[in-house]
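A quick write-up on the structure given underneath.
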Amino acid sequence: MSGEQDSVAGARTKKNGAAAGNGAGHRRLVIVESPTKARKIAPYLGGGYVVESSVGHIRDLPRGAADVPAQYKGEAWARLGVDVDNGFKALYVVTPDKKSKVTELKGLLKDVDELYLATDPDREGEAIAWHLLETLKPKVPVRRMVFHEVTEQAIRAAADSTRELDADLVDAQETRRILDRLYGYEVSPVLWKKVMPKLSAGRVQSVATRIVVERERERMRFTSASYWDISATMDAGEEASPRNFPARLVAVDGARLATGRDFGSDGRLKASNTEVRVLAEADARRLAEALKQRDFKVASVEEKPYTRKPYAPFMTSTLQQEAGRKMRFTSERTMRIAQKLYENGYITYMRTDSTTLSESAISAARSQATQLYGKEYVSPTPRQYTRKVKNAQEAHEAIRPSGEVFRTPGQVAGELDTDEFRLYEMIWQRTIASQMADAKGTTMSVRIVGNATSGEECTFAASGRTITFAGFLKAYVEAVDTETGGEADDKQSRLPVLEKDQALTASELNPDGHTTSPPARYSEPSLVSKLEELGIGRPSTYASIIKTIQDRGYVWKKGSALVPSWVAFAVIGLMERHFERLVDYDFTAGMEDELDRIAAGDEQRAQWLSKFYFGGDMGVDGSIGRLGGLKKLVEGSVEDIDAREINSIPLFSDADGHTVVVRVGRYGPYLEREVDGNSQRANLPEDLPPDELTQEIAEKLFATPQEGRTLGTDPVSGHEIVAKEGRFGPYVTEVLPEIEIPEDATAAQKKAAKAKAPKPRTGSLFKSMDIETITLEDALKLLSLPRVVGKDPESGDEITAQNGRYGPYLKKGTDSRSLSTEDQLFSITLEEALKIYSEPKQRGRSATAKPPLKELGDDPVSGKPMVVKDGRFGPYVTDGEYNATLRKGDEIESLTAERAAELLAEKRAKGPAPKRKAPARKPASTTAKTVKAGTTKKAAAAKSTTAKRSSSTATKAK
56 MSGEQDSVAG ARTKKNGAAA GNGAGHRRLV IVESPTKARK IAPYLGGGYV
106 VESSVGHIRD LPRGAADVPA QYKGEAWARL GVDVDNGFKA LYVVTPDKKS
156 KVTELKGLLK DVDELYLATD PDREGEAIAW HLLETLKPKV PVRRMVFHEV
206 TEQAIRAAAD STRELDADLV DAQETRRILD RLYGYEVSPV LWKKVMPKLS
256 AGRVQSVATR IVVERERERM RFTSASYWDI SATMDAGEEA SPRNFPARLV
306 AVDGARLATG RDFGSDGRLK ASNTEVRVLA EADARRLAEA LKQRDFKVAS
356 VEEKPYTRKP YAPFMTSTLQ QEAGRKMRFT SERTMRIAQK LYENGYITYM
406 RTDSTTLSES AISAARSQAT QLYGKEYVSP TPRQYTRKVK NAQEAHEAIR
456 PSGEVFRTPG QVAGELDTDE FRLYEMIWQR TIASQMADAK GTTMSVRIVG
506 NATSGEECTF AASGRTITFA GFLKAYVEAV DTETGGEADD KQSRLPVLEK
556 DQALTASELN PDGHTTSPPA RYSEPSLVSK LEELGIGRPS TYASIIKTIQ
606 DRGYVWKKGS ALVPSWVAFA VIGLMERHFE RLVDYDFTAG MEDELDRIAA
656 GDEQRAQWLS KFYFGGDMGV DGSIGRLGGL KKLVEGSVED IDAREINSIP
706 LFSDADGHTV VVRVGRYGPY LEREVDGNSQ RANLPEDLPP DELTQEIAEK
756 LFATPQEGRT LGTDPVSGHE IVAKEGRFGP YVTEVLPEIE IPEDATAAQK
806 KAAKAKAPKP RTGSLFKSMD IETITLEDAL KLLSLPRVVG KDPESGDEIT
856 AQNGRYGPYL KKGTDSRSLS TEDQLFSITL EEALKIYSEP KQRGRSATAK
906 PPLKELGDDP VSGKPMVVKD GRFGPYVTDG EYNATLRKGD EIESLTAERA
956 AELLAEKRAK GPAPKRKAPA RKPASTTAKT VKAGTTKKAA AAKSTTAKRS
1006 SSTATKAK
């Protein structure tokens, strides 16, 4: 155990179990992370307990030089926050926003006899408890209180069965924190120097980014293949039920026809499939014609029993995946809702790798299933799911409804908002279904043959599935990923009763063409599934990982698909070439195993970190330790990195054999190629996915020169007028003559001269204009803006018509009014402008309503219609209560109702923007207001006994 954790052992209670001294005057301070949880459990514990929250973590490694305490300012390692030469001792500081909270907790601690640390029951919760212990330095006995659901029975049982703080779990979590700091502080500066400033690298985030980049590379390399077959509608006769059923041509003269899975990513047949036949369009049409009016017969019928077992109860990763597929929730949104359900006592702890259920939960699920569906729908014996997830964390219980008797969705509907209800209902259904009987049915596979008039024997296939007993499917059916061709478990496709040699006819024969598709981009659910499959990271961290790679600009969303940026290509290219092991999937997963050894007490933290950082005998062959350690790896590679090579991503060769590359520059990516020894460049649109950058699009971008398309000369100024493509859209500008600067001028003088030089006029193109067709006359009009409309005869203020970033408007002094069309900029008269100013200024909903750009149906939360509108800050979606700006990659034409609901949900979760208040005169007043603001409206309206008791207790303690 490291020296900084000696207090963990010292603070341990001498024995577990019930707290000593349960007399009437015995008082205990219980610290949880969340204010919501504090309010919820306070009444369960009674008057002898003061329940307060730490509001998450209270301290961390320094975020920058300003956070470093004065006594450490001179230390070389202080900004890193880890003394690598002294046992990797960490320098933890109380974060500035938590200093008042620490003071409050210390004050409460003075008036109690015991301290109960009741943070979450996982590694992170254990670490938060240790940080509280280290910071508060209590002089009273300390106990660790652990519970997995917020119910009265669970809370009372946890208070009566406390345990010691688990130093091994703390070690494991703190090792991760220090490891991530070492990784980020060593590797990120390399990215700043070689790619772009302000980039970051992370132990898990870099690997997650690589997964997304590799998928995009697959799509870019992909070559589509085409193949044909024939879809048929077979007729089994009047007495058959159903009479008609679908079938598809699968073989001709015994040779199997190629399907999509027979082709490789290069568009060619795989080497193992040389005997299959690729049917061309002409052959498909000829055979379809030659089979008309021909007789068919059943060649074979194969019928098998079908059984489907229930799905395991949810754990963190499967909950995120299913909420993403079924409700289009992001992982972050799912965990945010689940956290609220847990803290308010509706479900068990939501960060878990386990699919097991307690005996009481199994009993509750079986009892409820029997009541709702009948005894025959319940499994004959209790089901226990003991799936072992790769690198599983502590064996918690699965995510399920809390309590020993589950509340049905109908019983909680009035207490939850729409999102909370939908997630609770899904968890409840899945838990109940896990204890129900298997679904049973039959599957049928039929082969049908017919001879074409041209002599070929054609074989058609038909398949069906009939569910004879729904079993657990009565309660719950898992969503499927439609992009990968999934089929729901409750889907049935009935075939008539057929016998061998039975005669059939074909009522329809249609040639059917197909093309192979590139592998689908990852969505959040499929990325979570991939991370889990590879054993990278922890389910509890998946939501934050996906959010981080988006926030850092490595990945952006197009609809629900995750698209890597060109910067991500450059960063991952650098990592793969020079720090391969750091983004290797097996290495990253293997590191989790090594960290688990620390959690189990089989490995010492300081020794492991030393081997990882400085090198040593650790891990498998080729591990970072065996390669000399992270420090040596980074220091020895920096000088070998060719920045230009790393930031050049080859795409393809153009028609003349010139290599087209994407260069990642300090100000963003651009296209480049060498033509006759000269570099030709083109701007890249920010919202163009890498795999959609085709040769045709590249040529179009190159055809728009960076210096702009010359439109002519301004007859007044004599300056050349050009149209250009910019990062924020097309615009026109004038080319001013270069200013003359003396050759002997200093750098400061040159900079000052350029700053004083006149700036060229610019004007953004109207939405109705195109850079390829705009004329000089149009450009001069745009450059004439702002246009003076006239003067207000009453005030004498000048009124101008201007085109701003958010649309056309009038301006008079500081008073601006929106114009409805861009054409009004040139046509509006002074009389019309004065009329607009004579009317009261209209804002928000009282303003003149413009027709929506798109209607999307009702929002699942508010129940109000969602529409897309054009606002001052660009297009946004609204339900009349909340407005959410469309993000990069969101296109109005392809925006779905699910995506719109997701944007509104994220906006709703953030709440209204805080109003700007004057600074409070007294600190006490500020504190009071802060506490009051932290109480939700629902809690305030309810005026519950819980809130009153908690408030009065805290007041007395102070």
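Counting the sequence shown from 1 gives a position; the working numbering is that position plus 55. Note that the Cβ used here is the ideal one computed from N, Cα and C, for glycine as well. These numbers were taken from a predicted model, which means no experiment stands behind them.
Annotation: the continuous beta strand (DSSP E) that includes Y864 extends over 862 to 867. Between the alpha carbons of E470 and A964 lies a gap of roughly 17 Å. For the set F351, S678, Y282, P930, the Cα lying nearest the Cα of D338 is the one of Y282.
Taking C-beta atoms under 8 Å as the contact rule, S917 and E936 qualify, at a distance of about 6 Å. For W611, the uninterrupted beta strand (DSSP E) segment begins and ends at 610 to 613. Non-local C-beta neighbours of A326 in its own chain, meaning closer than 8 Å and more than five positions away in sequence, are absent. Between the alpha carbons of N299 and L342 lies a distance of about 21 Å.
Three or more pairs of CB atoms, one per stretch, sit closer than 8 Å, so the segment 226 to 241 contacts the segment 132 to 149. Nearest C-alpha to A698 among G851, K686, G720: G720.
With respect to A227, R178 sits close: the two C-beta atoms are nearer than 8 Å. CA-CA distance, Y404 to S572, rounds to 40 Å. Boundaries of the beta strand (DSSP E) harbouring K846: 842 to 846, taken from the DSSP string.
In this structure, G763 lies near A778, with their beta-carbon atoms less than 8 Å apart.
8 Å or more divides the Cβ of D934 from the Cβ of L908. When C-alpha distances from K529 are compared across R520, R485, L559, the shortest belongs to R485.
In this structure, M289 sits near A517, with a CB-CB distance shorter than 8 Å. With contacts defined as CB atoms closer than 8 Å, L164 and L172 fail to qualify as a contacting pair.
At a Cβ-Cβ threshold of 8 Å, L564 and V501 do not count as neighbours. About 7 Å separates the beta carbons of K352 and L559, which is inside the 8 Å limit, making them a contact pair. Around the C-beta of S457, 16 or more other C-beta atoms lie within 10 Å, and the residue is accordingly described as buried.
The beta strand (DSSP E) runs lying completely inside the segment 158 to 231 and spanning 3 residues or more are 169 to 172, 197 to 199, given in chain order. Looking at the backbone, the Cα of D648 and that of T523 are separated by about 45 Å. Cβ atoms of T759 and E780 come within 8 Å of each other, at about 5 Å.
A distance of 8 Å or more separates the beta carbons of T514 and A737. Runs of the alpha helix (DSSP H) lying entirely within the segment 113 to 147 and spanning at least 4 residues: none are present. The bridge partners DSSP lists for D870 are K867. Within the segment 607 to 652, the beta strand (DSSP E) runs of at least 3 residues that lie entirely inside it are, in chain order, 610 to 613, 616 to 619.
In the structure shown, the three-state DSSP call for F757 is helix. When only Cα atoms are considered, K890 and K866 end up about 14 Å apart. The beta carbon of D709 sits closer than 8 Å to the beta carbons of V715, R728, Q750, A753, E754 from its chain, once the five residues preceding and following it are set aside; these are given in chain order.
By the neighbour-count criterion, in which a residue is buried when 16 or more other Cβ atoms sit within 10 angstroms of its Cβ, V250 is buried.
Segment contact: the segment 830 to 844 against the segment 795 to 809, fewer than three CB-CB distances shorter than 8 Å; contact not assigned.
For Q375, the enclosing alpha helix (DSSP H) covers residues 371 to 382.
Judged by DSSP secondary structure, A517 falls within the beta strand (DSSP E) whose first and last residues are 512 to 524.
Taking the Cα positions, F642 is about 30 Å away from R114. In the structure shown, Q879 falls within a helical segment according to DSSP collapsed to helix, strand and coil.
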